[in-house]
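Residue numbers (our numbering), protein chains in the order written: chain A, 1 to 356; chain B, 357 to 712.
Note that the Cβ used here is the ideal one computed from N, Cα and C, for glycine as well.
As the structure is a prediction and not an experimental result, all values here were calculated from the model.
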DNA sequence: TTTAGCACTCCATCCCCCGGAGTGCTAAAC
DNA sequence: GTTTAGCACTCCGGGGGATGGAGTGCTAAA
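Listed below in structure tokens is the structure:
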């Protein structure tokens, strides 16, 4: 059977009506919204066809029609009109983007919160490292005889620091020597290589100094590891409870717990895709089988990409969510790009000592 | 009327039964659990008295009894037995305490998550600064001609750092001079004083250097401000949905949204109190009027105290929650104390240059 | 003061009924 | 061949009783 333009129009009306009301849509309601004047009987014939073709479903014989995942997919691919954002919407997002960013972890969770606030659905955010990170630069700042601040910069130009402590007093010049050693021997290495090199140096270094080396390198390892996991968060899960499909506490609890406890298992867009929409059973993950996900990615410097996603019922307002999320993601990319241009993020590697 | 020992015993049985089942408790069920053998009729008489005295309530004439807030209060104050933690429980908490702490913000949100996991109720955590913080020490590390890393240590000995950027190239020795200036002029000041001093210096400093000063001081201000707000988080809100009193999505949504959006408005224990229990209407906040809160505090260094709380229905399992939370809070105090002793947190102020 | 006995109350549940929204089908009209 | 009016049919949802069980309050006796 063929999908005539009228069938498409009817499908579109059904979907958009169902998106806004969550109630099955009947022939009468469709007739009222259709451009051409046709009788409800005609529409009923078309509806029967659409059900047969798999684009719509019928909860029971005497109810209206509800879109199927296949119907939503067609809608998203062909029928959905690009939603232009209103001035208020762009302004709201721009305002959100002007947030201060303390560090990357902060950005991730803030981005998640903002995305949730933007669309009134639960949202998630994560940062993906494209390849394994390494340390780019070390500094050691003496505080007192047995304390110093370790500052490390990772290859994505993020800076971390912590106050560390040694058992034995260390002189300032020794600390400076150690910093040189660290920059010579421990930059641009993977975690495993760093551990190995540390072991190698254990015998060759004065014990008092080796302790310092040890805590500093372990701190660096911690930074590297910390920057790879725990980088996914869920925000705005409470938005679920406003949706009629989640009035059932068990259902809401199930999805909410999954999202909060396993944010790292939420969908990631295919490499290269800026935005991806996954509808119902298109989700691999069992817990998301009857929800839809809209997920967008943005660039953070050369080596990383960030990701924000929205989880909602299959009848989610794809047009609005997609428009807002994509604008938001673009804004984030620009924000990071700007910093990059300003020198806030990547730094030419040639600019300071290192060896290997 | 007097509160005889038998009345107290009955009250205790009612409360403990209601805590575990959330169902009104009848005279027959009470008789089965009472130590002395009395008839249900006698118990009914006693129950009528307890209702009259305000310790119990009756949903309707022919239902069992339900504890009132006054009843819970008496229970918590007098009747509740100290709950000894099992080996598994202490082990679980100890394991949780062995978490790595990256920075304070991380600790707060982790503590909240752990508390929630420990008690299966929503939990919140915050850190309170006892007095206004200031910067204790600055360092500037040149990266390339127009980039440098600013490292600041606040008076509570936390270290923050960020890569910053200037318009004009700055020489390394100039950067060192600026660091001295910052340590002389901008340490141990409140935010407002820092801004004022920055303004004062605007005319007296070479423009190229002032830009550096400006971004560095503004970064410090951001750190100070960031460390005071956004320091409260809610975790495990999804636990609400498992409770029969929150099967109603609207009710759950209301409380959950409040907790997630305004964690800073959640109860803080009185100064000096290590643990506090607030039952139903004892909560000042309207949103918590028919929930109970158990909140414990722990010490972070000299100048700060942390705080973890649990929100649940008034029939929450006070004994278990209080025992676990207090053990957890003690563990956190010890953890910070240990670091302190090890020199990881506070540092004698005399140990490096400063004036003012 | 305690207890047995008993009538009473009230909720929860089931069931049935019924109206309304919506359908599918048929037959006529275009 | 397509569209439309008409009509019988289906099914959900909500409003009313019935019903039974858990629990009470009260009375009168122990």
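Nearest in C-alpha terms to residue 626 (chain B), of all of B:652, B:683, B:593, B:390, is B:652.
Contact between residue 443 (chain B) and residue 411 (chain B) is ruled out by a C-beta separation of about 35 Å, above the 8 Å threshold. The criterion of a C-beta distance shorter than 8 Å is satisfied by residue 123 (chain A) and residue 112 (chain A). Judged by DSSP in its simplified three-state form, residue 246 (chain A) adopts helix. By the neighbour-count criterion, in which 16 or more other beta carbons inside 10 Å mark a residue as buried, residue 272 (chain A) falls on the exposed side.
Residue 532 (chain B): member of the alpha helix (DSSP H) spanning 528-541, first to last residue. Annotation: residue 639 (chain B) has no Cβ neighbours in chain A at a cutoff of 7 Å; minimum Cβ distance is about 20 Å. For residue 580 (chain B) against residue 510 (chain B), the beta-carbon gap comes to about 7 Å, under 8 Å, which counts as contact. Taking a C-beta cut-off of 9 Å against chain A, the contacting residues of the region 480-503 of chain B are 493, 495, 497, 498, 499, 500, 501, 502, 503, listed in chain order. Taking C-beta separations shorter than 8 Å and ignoring five residues to either side along the sequence, the partners of residue 299 (chain A) in its chain run 305, 306, 333, 336, 337, following chain order.
Only those residues of the region 160-175 of chain A whose C-beta falls short of 8 Å from the nearest C-beta of chain B are listed: 160, 161, 162, 163, 164, 165.
Assignment of beta-bridge partners to residue 273 (chain A) by DSSP yields no partner. The C-beta distance from residue 238 (chain A) to residue 613 (chain B) rounds to 5 Å, short enough to fall under 8 Å. Contacts between residue 608 (chain B) and chain A, judged by CB atoms closer than 7 Å, involve 241, 249 in chain order.
Per DSSP, reduced to three states, the secondary structure at residue 438 (chain B) is coil, with no helix or strand assignment. Within the DSSP bridge table, the entry for residue 163 (chain A) names A:149 as partners.
The distance from the Cβ of residue 150 (chain A) to that of residue 162 (chain A) is about 6 Å, consistent with a contact at the 8 Å cut-off. DSSP, reduced to helix, strand and coil, places residue 290 (chain A) outside both helices and strands of the structure shown, so it counts as coil.
Contact between the region 555-573 of chain B and the region 523-536 of chain B is present: three or more C-beta pairs spanning the two stretches fall below 8 Å. Residue 539 (chain B) is classed as buried because its beta carbon has at least 16 other beta carbons within 10 Å across all chains shown.
As the crow flies, the alpha-carbon of residue 279 (chain A) is around 23 Å from that of residue 5 (chain A). Its Cα nearest to that of residue 81 (chain A), the residue A:317 stands out among A:60, A:327, A:317. Close partners of residue 151 (chain A) in chain B (Cβ separation under 7 Å): 497, 505, 507, 517. Residue 685 (chain B) sits buried, since 16 or more C-beta atoms from the chains shown fall within 10 Å of its C-beta. Cα atoms of residue 622 (chain B) and residue 375 (chain B): separation of roughly 23 Å, rounded to the nearest angstrom. Where residue 663 (chain B) is concerned, the enclosing beta strand (DSSP E) starts and stops at 660-669.
Contact annotation, residue 616 (chain B) with residue 590 (chain B): C-beta distance approximately 5 Å; criterion of less than 8 Å satisfied. With a threshold of 16 other beta carbon atoms within 10 Å, residue 236 (chain A) meets it and is buried.
Annotation: the region 200-240 of chain A contains the following complete segments of the beta strand (DSSP E) (minimum length 3 residues), in chain order: 232-235. DSSP places residue 195 (chain A) within a helical segment (H, G or I) once states are collapsed to three. Taking the beta carbon of residue 548 (chain B) as reference, no residue of chain A falls within 9 Å; the closest one sits roughly 18 Å away. Rounded to the nearest angstrom, the Cβ distance from residue 550 (chain B) to residue 573 (chain B) is 6 Å, consistent with a contact under 8 Å. With respect to residue 249 (chain A), residue 608 (chain B) sits close: the two C-beta atoms are nearer than 8 Å.
In the three-state DSSP reduction, residue 654 (chain B) falls in the strand class (E or B). For residue 260 (chain A), the chain B residues whose C-beta falls within less than 9 Å of its own C-beta are 591, 592, 593, 594, listed in chain order.
In the DSSP annotation of this structure, residue 49 (chain A) is not part of any beta strand (DSSP E); the continuous alpha helix (DSSP H) holding it starts and ends at 40-53.
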